[in-house]
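Peer 1:
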Ligand code: SF4
């Protein structure tokens, strides 16, 4: 199943008007205004209070409270900068590119409001997708506000959207993470306090402003990318707490034996996945993570060991090779997993994987190492029999495992 669907009223996924669906067209100014956009900002403090009361959390992956981030930038020393971060590094996610391609004014309106709340005097839109850039530039040319905004193009990598990588790239450097602290809210673009906000987060701020009657519903909904081994993707908007079985049934993956959560960030989940709720706290309590909200459903014939091996190999290849522990850690995880998959692992391989998956999280400058460790930890936790079986016999499902190019997980923007 492919396409764009909303399971919530008053959501962000307004289909583009007929005749404007070509790349770069996007929603035009008059359509956006007719929908309630670009109304004068409320008192900045009032909007911030509303964002806080509605409990909006960032949609980049970490789920950090949006109001806390806005307030930290507002209260820091210096004149702030705001950044709409549209670089989605997770290969299984399409939501940010879809928003930028089809609803650029919604994102720009959110950037305008974030600038009003924080007192920023300039903004950036950060992206790698060419059709998205085209749509954003067209929308910027007709924007009805004065905030100077420029577009910064980056390369598409797993780590290019990490907030310190965003700052580094906008400042003219490579799109690679830096050690924290300082965090961007303390010292970001050009040393100024900087809000790096995911484009879905900004879109929700704008829509909450346009639809004060639906604040809680807008703040609580999620854009979710659903995909499976057929490579097709559906972008769906759902209320927080929706059970994953509802989403799987929606896209024809109801019989999946397992699901890969959060793009590659949230780990593999086996038995019991259908009853997991789609929200940060519920998934964290289950030892998984929502991340950017991308779900990849496995087919009955997919081997979870092969899926985990390919994911770990992809992450090892995407390591920015800045942190020694990430270089050696991701390589060791991927290499050892591969040897397990081939039936060539030593007797202590599983003990090593278990130990590394617990020791490595939090030791890199960004979340890539955490993602690799979680993939391994959840594979060992949910599929011990499948892992053990590889030590005694060839696994037919693993033959011909794809190379570490991430293609199994990459999906097109619907
Ligand atoms: S953890 Fe890995 S990917 Fe992240 S900054 Fe360090 S070396 Fe780069």
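Numbering (the numbering used here), first residue to last: 1 to 414. All residues carry an ideal CB built from backbone N, CA and C; glycine is no exception.
First and last residue of the alpha helix (DSSP H) that includes residue 73?
Peer 2: 66-75
Peer 1: Would you report the Cα separation of residue 143 and residue 149, rounded to the nearest angstrom?
Peer 2: About 10 angstroms.
Peer 1: Our contact map puts residue 333 next to residue 12 with C-beta atoms below 8 angstroms; I'd like the distance itself, whole angstroms only.
Peer 2: The pair is not a contact, with the Cβ atoms about 36 angstroms apart (cut-off 8 angstroms).
Peer 1: According to DSSP, simplified to helix, strand and coil, what is residue 150?
Peer 2: strand
Peer 1: Considering only residues of the same chain and omitting the five flanking positions on each side of residue 283, which have a CB-CB separation below 7 angstroms?
Peer 2: 261, 266, 276, 289, 290
Peer 1: Let me know if residue 21 comes out buried or exposed under the rule of 16 or more other beta-carbons within 10 Å of its beta-carbon.
Peer 2: With a pLDDT of only 47 at residue 21, under 50, the local geometry of the prediction cannot be trusted, and the value read off the model is given with reservation. Classification of residue 21: exposed, given that the 10 Å Cβ count is below 16.
Peer 1: The beta strand (DSSP E) spanning residue 58 covers which residue range?
Peer 2: Where residue 58 is concerned, there is no enclosing beta strand (DSSP E), given that its DSSP letter is neither H nor E.
Peer 1: For residue 311, which residues from the same chain have a beta carbon less than 6 angstroms from its beta carbon, with the 5 sequence-adjacent residues on both sides left out?
Peer 2: 264, 375
Peer 1: DSSP on residue 21, reduced to helix/strand/coil?
Peer 2: Unreliable placement is indicated for residue 21, whose pLDDT of 47 sits below 50; the coordinate value is still reported in the next sentence. Of the three classes helix, strand and coil, the one that applies to residue 21 here is coil, per DSSP.
Peer 1: Tell whether a beta-carbon distance below 8 angstroms holds between residue 77 and residue 193.
Peer 2: yes
Peer 1: Where do the N-terminal and C-terminal ends of the beta strand (DSSP E) with residue 339 fall, by residue?
Peer 2: Note, residue 339: premise wrong, no beta strand (DSSP E); alpha helix (DSSP H) at 324-341.
Peer 1: Does residue 169 have its Cβ less than 8 angstroms from a Cβ in chain B?
Peer 2: Chain labels in this structure do not include chain B; a single protein chain is all it has.
Peer 1: Following the continuous beta strand (DSSP E) through residue 6, name the residue where it begins and the one where it ends.
Peer 2: 3-6
Peer 1: Extract the residue ranges of the alpha helix (DSSP H) inside the region 77-110, only unbroken runs of 4 or more that lie entirely within it.
Peer 2: Secondary structure within the region 77-110: the alpha helix (DSSP H) runs of 4 or more consecutive residues, fully enclosed, are 95-102 (chain order).
Peer 1: Would the beta-carbon of residue 327 be found less than 7 angstroms away from any heavy atom of ligand 1?
Peer 2: yes
Peer 1: Could you check whether the region 129-137 touches the region 151-166, counting it as contact only if at least three pairs of C-beta atoms, one from each stretch, sit closer than 8 angstroms?
Peer 2: Counting Cβ pairs under 8 angstroms, three or more are found: they touch.
Peer 1: Determine the burial state of residue 368: buried for a count of at least 16 other Cβ atoms within 10 Å of its Cβ, exposed for fewer.
Peer 2: buried
Peer 1: Starting from residue 314, trace the alpha helix (DSSP H) both ways and give me its first and last residue.
Peer 2: 304-318
Peer 1: Applying the criterion that 16 or more other CB atoms from any shown protein chain within 10 Å of the CB defines a buried residue, is residue 298 buried or exposed?
Peer 2: The residue in question, residue 298, is buried, as its Cβ has 16 or more Cβ neighbours within 10 Å.
Peer 1: Sorry if obvious, but does the Cβ on residue 369 come closer than 7 angstroms to a heavy atom of ligand 1?
Peer 2: yes
Peer 1: Apply the 10 Å Cβ neighbour rule to residue 163 and answer buried if 16 or more other Cβ atoms are within range, or exposed otherwise.
Peer 2: buried
Peer 1: What's the C-alpha gap between residue 225 and residue 219?
Peer 2: Looking at the two C-alpha atoms, the distance is approximately 18 angstroms.
Peer 1: Run the CB neighbour count on residue 180, radius 10 Å, all protein chains shown included, and call it buried at 16 or more, exposed below.
Peer 2: With a threshold of 16 other beta carbon atoms within 10 Å, residue 180 falls short and is exposed.
Peer 1: Check each candidate in 102, 32, 96, 165 and name the one with the smallest Cα separation from residue 182.
Peer 2: 165
Peer 1: Can residue 316 be considered in contact with ligand 1, in the sense that its beta carbon sits closer than 7 angstroms to one or more heavy atoms?
Peer 2: no
Peer 1: Using the Cα positions of residue 237 and residue 176, report the straight-line distance between them to the nearest angstrom.
Peer 2: Cα-Cα distance, rounded: 31 angstroms.
Peer 1: Would you tell me roughly how many angstroms separate the C-alpha atoms of residue 230 and residue 3, rounded to the nearest one?
Peer 2: Approximately 14 angstroms, taken between the alpha carbons.
Peer 1: List the whole-angstrom C-beta distance separating residue 305 from residue 259, where the pair is believed to meet the contact cut-off of C-beta under 8 angstroms.
Peer 2: Residue 305 to residue 259, Cβ: 16 angstroms. No contact.
Peer 1: Under the assumption that residue 492 contacts residue 278 (Cβ atoms under 8 angstroms), give the Cβ distance between them as a whole number of angstroms.
Peer 2: With the chain covering only 1 through 414, there is no way to say anything about residue 492.
Peer 1: Can you determine whether any heavy atom of ligand 1 sits closer than 7 angstroms to the C-beta of residue 364, and answer yes or no?
Peer 2: yes
Peer 1: Which term fits residue 209, buried or exposed, when burial requires 16 or more other beta carbons within 10 angstroms of its beta carbon?
Peer 2: buried
Peer 1: Can you find at least 3 beta carbon pairs, one from the region 103-112 and one from the region 49-69, that sit closer than 8 angstroms?
Peer 2: Between the region 103-112 and the region 49-69 there are fewer than three C-beta pairs closer than 8 angstroms, too few to call the two in contact.
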